[in-house]
Every structure is written in structure tokens, then in C-alpha cells.
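Chemist: Same order as they appear, the protein sequences are chains Z and H.
Using the numbering used here, the final residue of the first sequence is 291, and nothing's skipped along the way.
Using the numbering used here, the final residue of the second sequence is 291, and nothing's skipped along the way.
Protein chains: 2
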Amino acid sequence: MSGDGSEIAGVTADSLASLVRVQLDKFTPTERRVCHVLLSNYPFAGLETAAELAARAGVSAPTVLRFVARLGLSGYPEFQKRLREELEARLIAPAAKHRPADEATGAAAALDAFAAAVKGNVTRTMDDVAVSEFEAIATLLADPKRPIHCVGGRFTEPLALYLVRHLRIVRPDVTMLDAMTATWGDHVINMDKRDVLVAFDIRRYQTDVIQLAENAAARGASVVLFTDTWLSPIVRIARHVLSSQVGVPSNFDSTVAMLALIEALIARVTDDLWPTAKLRMEALEKLRGA
Amino acid sequence: MSGDGSEIAGVTADSLASLVRVQLDKFTPTERRVCHVLLSNYPFAGLETAAELAARAGVSAPTVLRFVARLGLSGYPEFQKRLREELEARLIAPAAKHRPADEATGAAAALDAFAAAVKGNVTRTMDDVAVSEFEAIATLLADPKRPIHCVGGRFTEPLALYLVRHLRIVRPDVTMLDAMTATWGDHVINMDKRDVLVAFDIRRYQTDVIQLAENAAARGASVVLFTDTWLSPIVRIARHVLSSQVGVPSNFDSTVAMLALIEALIARVTDDLWPTAKLRMEALEKLRGA
DNA sequence: CCGTTTCTGAAATGAATTTTAGAAGCGGCC
DNA sequence: GGCCGCTTCTAAAATTCATTTCAGAAACGG
């Protein structure tokens, strides 16, 4: 199945897409814009006229023509013919597709390995979620009467921020805490049983986040913990815990699976709050317009 | 989504194919030959030129033209445009299918669906990466002589921050810009050809991020863009682009695939810089201990 | 800083395609 | 059998499209 692709410009590839990807650095800057537009909704962008594709990419028609010429094709008609043939073949045999073209290069293999690891993490993480836990957390976050506070460590603070940015759209009373400054005491001092602290903590667990969580718990707040499978010490005081797989071929851990969990949670909460969330989003749209 | 097909010639149908089938007896005998050829390998037969379709059906070009006119279309170009749109919708649909809540058997099924969508996004995103582009970006980011600046929109700013937090560990001269405040001018004013701006921008594209990128590019900085498949306007001025799939069953887009890309990039850069990065990490460890 | 090379878009060209117009073929009906 | 309407093709017209040319602009190297 691998080598049966057509050969263009001395390079063997099984689709124009992969050919474009492999040779991306052979194109001039403007031609590259065409590449990206084509790849971003492949192959349909190429089925329009050359002028339309050019307009879509913000370049002139001759640039598009030079682009197809550099691919080794005789002209735009042949370019479209190949796209149609590929599409036809793909629709008949939808299963077959993987990166056979550049499998020789190590970088592509590394990317594939990384992708595989990430997908495995997502699978195991989502499969292992206790649905009742997930639902309980969603219910907490969807309760507008409960103030939400989010905090994260060095690498997970961005995830906390991501959650905050979304929650703030669908409900009020969502704050971001900064574990690394001394100011978080001001926030925690006001917490009580109604408050919810969402803490993110993965290796290496940060003492400042742990302390913050402990203090919040001591004041009666409900602590929700996102952590890795090694489990942050916060599990001991957390009311709800979601753990994620973090292993990838890298010197750092991966938070992709954790982000997937977060987004799933956001989706769930947004769904719960949809009647009011919809109004809020529309109001925000208007504000942006002004 | 079901009954909103377009109406042509007084008949409502969700595809030209079904429209043709229903109205088959309204056509003249020769036109019917065109119908059959079109339906026999729909819709590809219609994507060729009118003359080719005519030859395939053994009729003359005007017959094909009358055929499309009888369908209520303004001409052959519109006919092809509709076929392309149908095909596009059909190929996109299975990936980003919105599940009506009632069909889901429960929260667990919703989680599974979300996980499946996310994994699909990661797969398509990583498969579609131009390796040379990825490598070029990694090389840029791994050059300690090039100052790095990161900026993101409302939802992508956390991702930019995530990148910054990691890059700062393995190399110096990494700054986070805030597109939403007016202070970024101070940063941009100092940029030159050596600087690298990493911009994150997904729907809805933010004018402040776009402007910042444009100004940076005008000063000669290399712009690296992370965007969705709809492509932010920044593609026009970006030197390197990585696009990610974002569709999930949610009211918000997913940035999981984008995060996977970012992490892969971080892994690559860290690997490149490992001799110095290792020393930096050890030094940081000591600092934390003290 | 300047000459050289490469790249890019505007305009002009030429080809291809869609579209229109007119004539020939075909069948049915008086 | 001849007239009429419908259908279909041939041929020419008009339009759109792809392509080439060329000049200006930008990047590059010295």
C-alpha cells in the first residue's frame, strides 16, 4: 500500500496534500499562503477556479499558477483533475489513509508517536472517568449561587485560566487565583461552604497550590482537584478528583488529556446553563460590537 | 438539520441527486441519459466540464446545459458549485457531528462522544502537519539569539501562556504579550528581524491580536501562527502556520489538538536545546529548593 | 549602502468553456 | 402525405478562465 503513489518532481507521494506538506519549504512565501489555504480545507479549496483560490489566499492568480507549476503539474486543469481523482478514490475506500509519504523522515515518525501517545492518554483518561464524579463537578460548576475560584501550578495555571475564560462566559462569579503571589490570602479569607475551589496540580506538586487548597478546605470550601495519575497530595482534602494520563515521549508531561476533560466539563456546564448562557453570550456579542 | 434542504423547481430536496431521481420523468430522453451518467458516479461526473459530461453521456453540450437549467439552476457554474458544497458538507459532517441530547444514552455516552471527537481532531491535525513547517518553527524557537513573544486571544491566551511557561525553562528571552491591553505597543516597537512572534488565533478572530501581528510583521519580525482550519487573517502575513481541528460536540471549539501540537513542539525544542536546557532545569531546581 | 537576484501582481493574451442561435431530425396528428 | 411541435445537434458568439509577459518591489548578499 505504501509506494504506489504517483511521482511528481522527484518525490513520491500518494496525494497532492502530502506532496505539498513535504515540499512546503520549496515554495515562496506567497505560494505558501496558497498551500495553507488549500490544506486547511483540502481538497475543496482547489476545486474552485484559480482566481477564487487566489482570492481566498489573498494572492494573485499568477501566484496560484506558479504554485501548481512548482508541484510539477502541467497546469491548473491537471491540478483539479488530480484532486478530483483523489477525492473519488478516497470516497470509494474511505479507510486507507496514513502518512506513508514522509514516513522515512524521523521528525514525522516522532510526531506520529507523540500523537499516538496523546490519543492513548485521552482514551484512558476519558474511559477511567467516574461519571458520577464528573456529573457532581458539573453540577457544582453550574450552580450560579456558588462562587468559583480556580488555581493552578506552573504548568497548569494556563489550564485554570482556560477554564475561567469559558466559565465566565456562561455564568458569573468566577475568579482566577494566583498561587504564586502572596495575595491569595485575601481571596481565601472570604470563602465559606458555598465556595468552590478548582485546583490543578500535577508533578511536581507545588507547595503554594497545596497550601491554598488546604486553607480553602479548612474554611469549608468544596475543593475540586484535577491531577495526574500520581495524585497530588490535595486528594486528601479534595471533595472531587479527576485524574489524567500525562505520559508522552517528551521531557515534559502532557496536559492534553486534562484539557480534554476540562472541555468536556465546560460543554456539560454550558449545556446545563444554556438558557441563561445563551443570553449572556448574546449580550457579550453586543458589547464586543460596541 | 433534516428538512432544510434547498428548494428547486418547487421541490424540496437535500441533494441534487435526490432531486434528479425524483424528477427523472420530467426530463427528455437524452437529458435522462445525462441523469443516469451523473447518478452512476455522483457527484464526480458533474465536476468535470460540461463538454466532458456530455461526451460521457453521449450527448451534446447544450443538452447538458438544458439539463441543469431544468433543475432550476442558473448555469453550469452554479451546478458545480452546489455539487462541491454538497460534497464538502458530506465529508465534514461525520467528523463534527452534533449529537442531540436526547439520543445520548447518558453522560457516559456524551463523554465517549467527546473523547472520540477530540481524538479525531488530534489525528487529523497531526496527520496534516507539514513536517518542514513544524521543523522550521522548532528551529526558530530553539534559537536562543531570537527573542520570542507570544500572544493569544480570549481562549487561546492560556495556550500561549502554556507555551511561554515551558519555553522559559529551556531558553531565555521569552515574553508573553497581552493583546487586550494597550501596552503591547511598547513591546512591538522594539521588535526587528530577529524577533519571533507566536500568535494564537481561532474563531472568532480578534482584531487586537491581528493588529499586533501585523505591526510585528511590519517591523520585520517572523510571525508564527497557530489557528483553526478556518484560518485567521494572520495567515496573510505569517511566515509559518500550523492549523488545528477544533470541532467537538460543544458550544465552544476545542483547542485540544492545538495543545497537542504545542506540546509536540515543546518536546522538539527541548530536545534540540537539551545540553543547555538540562543545565537550566537543574539550576531552577536548586533555586526552588532555596 | 548598492547591485543582483528573486519574487509578486497588473495588464494583456490566448485558450477553453459556457452559452446562445439556428437548422435538421423525429414522431405524431389531422 | 404534409404540417407542427418537440427534441437534439452543429456552429458560432460571448464570456470566463488560465496563462504569459513585463515591470516594479522586495529580499539578499556583498
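Each residue gets a CB set at the ideal place from its N, CA and C atoms; glycine is no exception.
(1) Using beta-carbon positions only, say whether W185 (chain Z) and L213 (chain Z) come within less than 7 Å of one another.
(2) Tell me the rounded alpha-carbon separation between L266 (chain H) and D209 (chain H).
(3) Please report the distance separating the alpha-carbon of F28 (chain H) from that of F68 (chain H).
(4) Alpha helix (DSSP H) containing A180 (chain Z): first to last residue?
(5) For the beta strand (DSSP E) containing T228 (chain Z), list its first residue and its last residue.
(6) Hey, quick one: how far does the beta strand (DSSP E) through L198 (chain Z) stretch, first residue to last?
(7) Please classify N191 (chain Z) as buried or exposed, where buried requires at least 16 neighbouring CB atoms within 10 angstroms.
(8) Return no unless some Cβ of chain H is closer than 7 Å to the Cβ of I201 (chain Z).
(9) May I have the straight-line CA-CA distance separating K279 (chain Z) from M127 (chain Z), to the nearest angstrom?
(10) P101 (chain Z) by DSSP, collapsed to three states: which one?
(11) Indicate whether at least one CB of chain Z lies closer than 7 Å to the CB of F80 (chain H).
(12) Reducing DSSP to helix, strand and coil, say where S244 (chain H) ends up.
(13) For F115 (chain Z) and G76 (chain H), I'd like the C-alpha separation in whole angstroms.
(14) Taking the beta strand (DSSP E) that G153 (chain H) belongs to, which residues open and close that run?
(15) Going by the CB atoms, is the gap between P145 (chain Z) and R172 (chain Z) shorter than 7 Å?
(16) Please report the distance separating the alpha-carbon of P95 (chain H) from that of A55 (chain H).
(17) Among the residues of its own chain, which have a CB less than 6 Å from the CB of V123 (chain H), if the five just before and after it don't count?
(18) Chain H partners of N216 (chain Z), CB-CB under 8 Å?
(19) Go ahead and label P30 (chain H) buried or exposed: buried means 16 or more other beta carbons lie within 10 angstroms of its beta carbon, across all protein chains shown.
(20) Could you tell me whether any Cβ in chain Z is nearer than 7 Å to the Cβ of P276 (chain H)?
(21) How many angstroms separate the CA atom of Q24 (chain H) from the CA atom of T277 (chain Z)?
(22) Taking the straight line between their C-alpha atoms, what separation do you get for S61 (chain Z) and A52 (chain Z)?
(23) Less than 8 Å between C-beta atoms, sequence neighbours within five positions excluded: which residues of the same chain meet that for V38 (chain H)?
(24) Kindly indicate which residue of Z:R205, Z:E89, Z:Y206, Z:L198 has the alpha-carbon position closest to the one of D174 (chain Z).
(25) Following the continuous alpha helix (DSSP H) through N297 (chain Z), name the residue where it begins and the one where it ends.
(26) Within a Cβ cutoff of 8 Å, which residues of the same chain sit near D103 (chain Z), ignoring the five residues on either side of it in sequence?
(27) For Y163 (chain H), return the contacting residues in chain Z, with the cut-off set at a CB-CB distance below 8 Å.
(28) Count the other CB atoms, across all protein chains shown, that sit within 10 Å of the CB of E158 (chain Z); report buried if there are 16 or more and exposed otherwise.
(29) Rounding to the nearest angstrom, what Cα-Cα distance links R205 (chain H) and V35 (chain H) in this structure?
(30) Which residues of the region 238-252 of chain H have a Cβ closer than 9 Å to any Cβ of chain Z? Give them in chain order.
(31) Mapping DSSP to helix, strand and coil, what is V175 (chain Z)?
(32) Please classify S192 (chain H): does DSSP put it in a helix, a strand, or coil?
(33) Interface residues of chain H around H150 (chain Z) at Cβ under 9 Å?
(34) Is A239 (chain Z) closer than 7 Å to L226 (chain Z) when the C-beta atoms are compared?
(35) Return helix, strand or coil for A96 (chain H), following the three-state DSSP convention.
(36) State the start and end residues of the unbroken alpha helix (DSSP H) segment that holds G76 (chain Z).
Modeler: On the basis of the coordinates in this document:
(1) Translated into the one-based positions of the first sequence, residue 185 (chain Z) becomes position 184. Translated into the one-based positions of the first sequence, residue 213 (chain Z) becomes position 212. Contact flag set, yes.
(2) Along the second sequence, one-based indexing puts residue 266 (chain H) at 265. Along the second sequence, one-based indexing puts residue 209 (chain H) at 208. Each residue's Cα considered, the two are about 25 Å apart.
(3) For the purposes of this step, residue 28 (chain H) is taken as residue 27 along the second sequence, with counting starting at 1. For the purposes of this step, residue 68 (chain H) is taken as residue 67 along the second sequence, with counting starting at 1. Each residue's alpha carbon lies about 8 Å from the other.
(4) Residue mapping note: residue 180 (chain Z) aligns to position 179 of the first sequence, counting from 1. First-last for A180 (chain Z): undefined, no H or E at that position.
(5) The residue you call residue 228 (chain Z) lines up with position 227 of the first sequence. Taken as a continuous stretch (DSSP letters only), the beta strand (DSSP E) holding T228 (chain Z) covers 223-229.
(6) Here residue 198 (chain Z) refers to the residue found at position 197 of the first sequence. Here the beta strand (DSSP E) through L198 (chain Z) covers 197-202.
(7) Translated into the one-based positions of the first sequence, residue 191 (chain Z) becomes position 190. Exposed, because fewer than 16 other Cβ atoms sit within 10 Å of the Cβ of N191 (chain Z).
(8) Against the first sequence, residue 201 (chain Z) aligns to sequence position 200. The residue you asked about is not Ile; residue 201 (chain Z) is Phe in the sequence shown. Output row for F201 (chain Z): interface = no.
(9) Here residue 279 (chain Z) refers to the residue found at position 278 of the first sequence. Here residue 127 (chain Z) refers to the residue found at position 126 of the first sequence. Whole-angstrom Cα-Cα distance: 27 Å.
(10) Your numbering for residue 101 (chain Z) matches position 100 in the first sequence. In this predicted model, P101 (chain Z) has a pLDDT of only 49, less than 50, meaning its place in the structure is not dependable enough to derive any value.
(11) Your numbering for residue 80 (chain H) matches position 79 in the second sequence. False, the Cβ-Cβ gap to chain Z never drops below 7 Å.
(12) For the purposes of this step, residue 244 (chain H) is identified with residue 243 of the second sequence, where counting begins at 1. Of the three classes helix, strand and coil, the one that applies to S244 (chain H) here is strand, per DSSP.
(13) Reading the first sequence from its first residue, position 114 is the one you call residue 115 (chain Z). Reading the second sequence from its first residue, position 75 is the one you call residue 76 (chain H). Approximately 49 Å, taken between the alpha carbons.
(14) As a working note, residue 153 (chain H) is residue 152 in the second sequence. 149-153 is the extent of the beta strand (DSSP E) around G153 (chain H).
(15) In the first sequence, counting from the first residue as 1, residue 172 (chain Z) sits at position 171. In the first sequence, counting from the first residue as 1, residue 145 (chain Z) sits at position 144. Going by C-beta atoms, R172 (chain Z) is nearer than 7 Å to P145 (chain Z).
(16) Translated into positions along the second sequence, residue 95 (chain H) becomes position 94. Translated into positions along the second sequence, residue 55 (chain H) becomes position 54. For P95 (chain H), the predicted model reports a pLDDT of 49, less than 50, meaning its position is unreliable; a value from the coordinates is still stated below. Each residue's alpha carbon lies about 33 Å from the other.
(17) In the second sequence, residue 123 (chain H) corresponds to position 122, counting from 1. Here the set comprises A258, A261.
(18) Against the first sequence, residue 216 (chain Z) aligns to sequence position 215. Neighbours of N216 (chain Z) on chain H: none; closest Cβ ~21 Å, over 8 Å.
(19) If you number the second sequence from 1, residue 30 (chain H) lands on position 29. Classification for P30 (chain H): exposed.
(20) Along the second sequence, one-based indexing puts residue 276 (chain H) at 275. So no, P276 (chain H) is outside the interface.
(21) Along the second sequence, one-based indexing puts residue 24 (chain H) at 23. Along the first sequence, one-based indexing puts residue 277 (chain Z) at 276. Distance between the alpha carbons of Q24 (chain H) and T277 (chain Z): 46 Å.
(22) For the purposes of this step, residue 61 (chain Z) is taken as the residue at position 60 of the first sequence. For the purposes of this step, residue 52 (chain Z) is taken as the residue at position 51 of the first sequence. Their backbone Cα atoms lie some 7 Å apart in a straight line.
(23) The count along the second sequence starts at 1 and reaches residue 38 (chain H) at position 37. The answer, listed in chain order, is A46, L54, R57, A58.
(24) Within the first sequence, residue 174 (chain Z) is the residue found at index 173, counting from 1. Answer by Cα proximity: Z:L198.
(25) For chain Z, the structure presents residues 2 to 291; residue 297 (chain Z) sits outside this window and is missing.
(26) Numbered from its first residue, the first sequence carries residue 103 (chain Z) at position 102. Model confidence at D103 (chain Z) stands at a pLDDT of 48, short of 50, so the residue's coordinates are unreliable and nothing is read from them.
(27) Looking up residue 163 (chain H) in the second sequence gives position 162. Those within 8 Å of Y163 (chain H) in chain Z are F156, P159, L160, T256.
(28) Here the question's residue 158 (chain Z) lines up with position 157 in the first sequence. By the neighbour-count rule (16 or more Cβ atoms within 10 Å), E158 (chain Z) is buried.
(29) What you label residue 205 (chain H) is simply residue 204 of the second sequence in a count that begins at 1. What you label residue 35 (chain H) is simply residue 34 of the second sequence in a count that begins at 1. Straight-line Cα distance between these residues: approximately 43 Å.
(30) A239, R240, H241, V242, S244, V249, P250, S251, N252
(31) Start at 1 with the first residue of the first sequence, and residue 175 (chain Z) comes out as number 174. Three-state DSSP puts V175 (chain Z) in a strand.
(32) For the purposes of this step, residue 192 (chain H) is identified with residue 191 of the second sequence, where counting begins at 1. The amino acid at residue 192 (chain H) is misidentified as Ser; the sequence shows Met. M192 (chain H) falls in the coil class under three-state DSSP.
(33) Position 149 of the first sequence, counted from the start, is the residue given in the question as residue 150 (chain Z). Neighbours of H150 (chain Z) on chain H: none; closest Cβ ~16 Å, over 9 Å.
(34) For this step, residue 226 (chain Z) is matched to residue 225 along the first sequence. For this step, residue 239 (chain Z) is matched to residue 238 along the first sequence. Yes, these two residues count as a Cβ contact at 7 Å.
(35) Residue numbering aside, residue 96 (chain H) sits at position 95 when the second sequence is read from its first letter. Since pLDDT at A96 (chain H) reaches only 45, below the 50 mark, its modelled position is unreliable, and no value is offered.
(36) In the first sequence, counting from the first residue as 1, residue 76 (chain Z) sits at position 75. G76 (chain Z) -> no alpha helix (DSSP H), and no H or E assigned at all.
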